[in-house]
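Read top to bottom, the protein sequences are chains A and B.
Start counting the first sequence at 284; every next residue gets the next number (our numbering).
Start counting the second sequence at -7; every next residue gets the next number (our numbering).
Below you'll find the structure, written out as structure tokens, and then a few comments.
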Amino acid sequence: MMKNEPNLKDRLERLVASIPAGRSHLILFLHRVQQEFGYLPEEALARAAEYFTVSPAEVYGVVTFYSAFQMKPRPQHELVVCHGTACHVHGAEAIHTELARLLGVEPGKEDQGKDVTIRRVNCLGCCALAPVVVVDGEYQGRVTRNSLEKIVERLSGKK
Amino acid sequence: MSGPVVRLKINDRLVQARPGMTVLECARSHGIFIPSLCDLEGLPAFAGCRLCLVEIAGRPHRLPACQTRVEEGMEVITTSEELEALRRSTLELSLSEHPNFCLLCQEKANCDELKMTMVKALEPGGCLFCPKDGNCQLQQVVEYLKVKQVAYEFEDRGLRLWQDDPFIAHNPNLCILCGRCVRVCSEVRGEKVLSFIGRGSQTAIGTFFQRSLLQADCSFCGACLEVCPTAALEEKGVLVARGRQIYEQPFICPLCSSACELRAEFVEEGKLRRIGPAPVEGPAFRSGCARGRFGLREVLEAQLTRSMPLVKGNGLEQPASLEEALAAAAAALKKFKPQEIGLVASAQVSAPGLLALAELAGALKADNLFSFYPEGFLDRLNEFERQNGIRFERSLTRQQLHQGQTFFLVDTDLKAEGLAYWLELWPEISGGAGYLVLDPGLNRSARLTDHHLQCRPGKEAQALLGLLKRLTWQASELSFYHGYHELLDSLSKLSAEELQVESGLRAAELDKAAAVLLSGHPALILFGERLLRQPRWRENLTALWNLGLRLEARVLPVVSRGQERLLEKLKLSSGLRTISDGLQLEQDIRNGKIRALYVLGDLPLAQKPDWLLVQNPFKTGLAERADIFLPSVSCLENGGPGVDLFGRVKMASKIRGSPGGENRLSEAGIIIKLAGLLGVELKLPSSAELQDIMAEPEGLKSDQELTYLPLPSPDRLPGRGIFPQPERTAGEVEVIVGQNLDFYAGISMAEVSSGFRGLNNPDWLWLNPAEAASLDLREGQQVILKTADGDLSLEIRLSRQIQPGVAVVNLILDTSLKLRLYGRGLFKGKLRVTS
Ligand code: SF4
Ligand code: SF4
Ligand code: SF4
Ligand code: SF4
Ligand code: FES
């Protein structure tokens, strides 16, 4: 992580400086870190352990206890492919595979350190629009091979 | 039962308890079984497993016996239909996630006959294939509660096993989340490596980012293995006991001054199975460490063949019986003049061995009696005390340790060299007592604290004086002893600024540290051998003495081997001298002053005398060149006694004898027999007499007048101006040589055990990560450390605990070069990458 974010250390230190060193402030600190980075980098947890004189294992225990905390950067783009019955009938599986191919993401593996994830959900409840793909929260109905390519182009443009 | 007593009833039986005892402890002490899977003796209750619930008359709810204290007149019911049903349903929850076919199997009683068919359980696994089978607390509780079925379907958690670490394996699928390992790791050992990770059904035991134990800085103390009620945490490489008789042999661990009582387990054929701590003075998890339990095992396993006595004749080595070898030795010794005979005891010999050797020297009228003592720690301390008419303390009892309110460690890593003290101090420290560590090098005991003062190497005196300068004005104790005004005067002449620059400590750091020292009275100051194993050790001691006096603190050395204390006593009564390196001895051999040498143990010696006898458990090192080799029994069979940090003489519990154990002579026994052949009868003190020797008052009278010591004039301060800091050429480091106790009878644990090499490798050179990066050095890279005395080939290892410009090596003293560097303690070196 450090290599991609040269100023991670400085940003962390600023956060550290804004919070008193009592054990009771650990959770507050973790929240701030997550706000700042969108997730909890390993460096931040190690620094928290040092600053609050808690063991690293304990910090990790706290972080994994609350589901609100995330330890991996959230991908920039999220594609959700609906696999409900209607979508399934309309070729959701093929769409999923094709999307994965176009984006170079391994199907089924959600986090590859890329800036895109494809998630599968069981039903989005808009069966009339099947097949459905949600692109960064935006519903796209009746997708075809063609529209998939457009979606992918747009995403690459947005990057 | 002496002292105050609480009377209560358990299951209608009148029983007595000590106030403060829990109901569980009280029941147990009267042989009443209450199922329990999460309690830990001596620790606050966790009350997580809910198996120990009991009924107490007048209380509306059932209460966990592990958490409830006894009260006068209490009426406790530990077993009833209802209680067992409740416990059973609680346990079923755990069992639904634990392989349970064997546990619930109705054919259990016939398992031995049936298991051969392998079709008993639908899947292999369960107790049948478990290393814990027959010795498992979960099994015991299932048995007791007569659990016949589990209401929930078994669900295999399918979690990955931890198999990457040496010595310890974890199978999370067997874990019942009792929390014992987490608590023992943080509350007893102060390591805090383990934690509950995740929540709900996902909860598991884990480390920081699920790293391996090695990467998570685990000390491999083994305490978690000791407490796990299932096989979720298991020692690797232990021979299965199933069906075979196990023999236990208790012994006192000779590897450090904690002198833990350990237990070696053998299976029938006499094969060593494992070594673990014995519950003697407290629960087993309160003693033992990686060195004693894993390292020693590996050393002993590496020496599979039992050594035979050997006698060299006409250049040929002949196996001999002990009698023949002793006769040859006696004959040879008679040929030399007494003043030509030297006797050396190495650092790990047993107390009786040492005493016997001293007696033998006396009988031979040989005045060259040495003990090999590379640390030279107590020698220097004694010398300093004599010259200055002062006396530091030597050992404290447990109670005295607990009286301390503030603890100050100077150049000592208690976890590594004074575990028995550490385990007493840790609860105080984690409970909020003041805690400060001054140490320029690596120190495990300084982890997890923000009060680690890292001065420049060799600048301990400046750091201590920086603290003293602050304390003289702030400490409220009336410590106006003789010399106080002179002290104030000298201190005022020292520039605070200069002390900071020299010591490398910032004013704020010193302020904070001074505040810690003043935060609770009385303070206890413990210092280690590294404070004295450096050129300007006198100045260090002077500053420390004055600081201790000003704080009215107890100040004492932490000796890493209990034997040192015995040596100190012996030196006062017999002609024993210590040698810290082989130089003088080698010279005496070269110019013929010493022609015959009796070495008890092992030491690095380049020069062989005309005649050499080595008595050691293994034929290694020096023994290879001996004219006569006498195999001693190993520490397992020697039994003890050992002298511990508390100044006590410890004997191992009764020895049951290993299988096929012909009665072999102890270390001292061999010497006594040899003396017999020379016509003298040696009489060794019993362990009670030994205890008396240890208890003899020593040094100055107690009514001695306390006095401050004059400070050296500023330009006599250690290393002043020797290392002007900014001008450091790249690759030049100040090297601190640490203490390494990981060897036994001349064999380094890292050498015979790849597992141990991963833990503490004597070939590692520790560097600061940022500095290594700037020198383009990676972890694992081979380098040559060039020193004025010679070069060492080492492997880079990184730690954030190392300051830039400093390197730490923990050498095993197997060559004269290493011995010399160790003696220096601190030296400058240059790093070169090996091509
Ligand atoms: S841990 Fe105990 S109960 Fe579990 S499989 Fe092993 S022996 Fe059986
Ligand atoms: S071996 Fe010791 S330090 Fe390591 S996890 Fe177990 S209890 Fe903790
Ligand atoms: S690993 Fe063992 S000691 Fe630790 S929580 Fe699991 S069952 Fe308990
Ligand atoms: S080396 Fe020391 S602490 Fe470790 S088991 Fe032996 S005596 Fe105990
Ligand atoms: S032993 Fe009392 S609750 Fe577990």
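Think of the CB as a built atom: it goes at the ideal place given N, C-alpha and C, for glycine as much as any other residue.
A quick note: this is a predicted structure, and the numbers were derived from the prediction, not measured.
Outcome for Leu0(B) when other beta-carbon atoms lying within 10 angstroms are tallied against a minimum of 16
buried
Going straight from the alpha carbon of Leu502(B) to that of Glu544(B), what length do you get?
19 Å
Leaving out five residues on either side along the sequence, give the residues of the same chain with a beta carbon under 6 Å from the beta carbon of Leu589(B).
Gly334, Pro601, Leu604
Check whether the region 149 to 166 of chain B and the region 312 to 321 of chain A are in contact - that is, three or more C-beta pairs closer than 8 Å.
no
So, using beta-carbon positions, are Ala438(B) and Phe399(B) closer together than 8 Å?
no
Cys248(B): CB within 7 Å of a non-hydrogen atom of ligand 4
yes
In chain order, which beta strand (DSSP E) runs of at least 3 residues are fully inside the region 371 to 417 of chain A?
399 to 404
Mark Gly668(B) as exposed unless 16 or more other C-beta atoms lie within 10 angstroms of its C-beta, in which case mark it buried.
exposed
Drop a sphere of 10 angstroms on the beta-carbon of Gly34(B), count the other beta-carbons inside from all chains shown, and report buried for 16 or more, exposed for fewer.
exposed
Shorter than 8 Å from the beta carbon of Thr199(B) to some beta carbon of chain A?
yes
For Thr441(B), return the contacting residues in chain A, with the cut-off set at a CB-CB distance below 7 Å.
Thr336
Do the region 207 to 221 of chain B and the region 235 to 244 of chain B meet, that is, are 3 or more Cβ pairs less than 8 Å apart?
no
Within the 8 Å Cβ cut-off, does Gly829(B) reach chain A?
As shown, chain B starts at -7 and ends at 827. That puts residue 829(B) outside it, with no answer to give.
Would you please state the rounded distance, in angstroms, between the beta carbons of Ala317(B) and Ile620(B)? I believe it to be under 8 Å.
6 Å
Residues of chain A with CB closer than 9 Å to the CB of Arg191(B), please, in chain order.
Thr347, Phe348, Tyr349, Ser350
Does the separation of the CB atoms of Ser572(B) and Gly368(B) fall below 8 Å?
yes
So, does the region 36 to 54 of chain B touch the region 416 to 434 of chain A, judging by three or more C-beta pairs under 8 Å?
no
Do Asn360(B) and Ile586(B) come within 8 Å of each other at the CB atom, strictly closer than that value?
yes
Every unbroken alpha helix (DSSP H) inside the region 602 to 661 of chain B [4 residues or more]:
627 to 630
Residue burial classification, Asn608(B) (beta-carbon count within 10 angstroms, cutoff 16)
buried
To the nearest whole angstrom, what separates the beta carbons of Arg448(B) and Gly520(B), a pair I think is in contact under 8 Å?
About 18 Å separates the two Cβ atoms, so there is no contact after all.
Starting from Glu325(A), find everything on chain B with Cβ-Cβ shorter than 8 Å and list it in chain order.
Phe201
Using the Cβ count rule (16 or more neighbours within 10 Å means buried), how would you classify Lys138(B)?
exposed
Nearest to Gly229(B) by alpha carbon, out of Glu290(B), Met643(B), Ser250(B)?
Glu290(B)
Against chain A: residues of the region 207 to 218 of chain B by CB proximity under 9 Å:
Ala208, Asp209
Which of the three DSSP states is assigned to Ala161(B) in this structure?
strand
Amino acids of chain A, ordered along the chain, whose beta-carbon sits closer than 9 Å to that of Lys184(B)
Val337, Ser338, Pro339, Ala340, Glu341
If you measure from the CB of Cys627(B), is any heavy atom of ligand 2 nearer than 7 Å?
no
Buried or exposed (CB count within 10 angstroms, at least 16 for buried), Gln498(B)
According to the sequence as given, residue 498(B) is Arg; it is not Gln. With fewer than 16 other Cβ atoms within 10 Å, it is exposed.
Tell whether a beta-carbon distance below 8 Å holds between Gly747(B) and Val800(B).
no
Please confirm whether Ser791(B) has its beta-carbon closer than 8 Å to some beta-carbon of chain A.
no
CB of Gln8(B) within 8 Å of CB of Val(-3)(B), strictly:
yes
For the alpha helix (DSSP H) holding Cys220(B), just list the boundary residues, first then last.
Unbroken run through Cys220(B): none, as it is neither H nor E.
At least one CB of chain A closer than 8 Å to the CB of Phe188(B): is that the case?
yes
Verify the contact flag: Val832(B), CB atom, against every heavy atom of ligand 2, threshold strictly below 7 Å.
With chain B covering only -7 through 827, there is no way to say anything about residue 832(B).
From what residue to what residue does the beta strand (DSSP E) around Tyr422(A) run?
421 to 423
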